[in-house]
Amino acid sequence: MEYVDMEVNTALIFHGFDSDNQPIEEAVTAGEFVRKLVSVERIRSISEQYVLVSGADGREMYWEYKGSLDELAKKLRSLGIDVA
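Just so you know, we're using this note's numbering here: the sequence shown kicks off at 829 and counts up by one.
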């Protein structure tokens, strides 16, 4: 399993859908950034500000991260991950 070193801060947790098929989302008030070793397999997408990761029980989370998209792409490439 491959891991990428990141500083992240949880911004939004997606818990699934309600009975009316509306998303159940929990906005999280920004706290301090935390350094994590994130399993590359958990990463679903990355934007300029957020990384979308899968979590337990089908949850998905948007984490704000420190650094730039280019820096993160470089880290992933250094692990041998294809980034086009």
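Ideal Cβ placement from N, Cα and C applies to all residues, glycine included.
Note that the coordinates shown come from a computational prediction; the quantities given were computed from them, not determined experimentally.
- Take the alpha-carbon of Y831 and the one of R887: they are about 20 Å apart.
- DSSP, read as helix, strand or coil, puts R863 in strand.
- By the Cβ criterion, the region 869-877 is not in contact with the region 849-860, since fewer than three pairs of Cβ atoms, one from each stretch, lie closer than 8 Å.
- A distance below 7 Å between beta-carbons, with the five flanking residues on each side excluded, links P851 to the following residues of its chain, in chain order: F842, F845.
- Inter-residue distance for A901 and K894 is about 13 Å (C-alpha atoms, whole angstroms).
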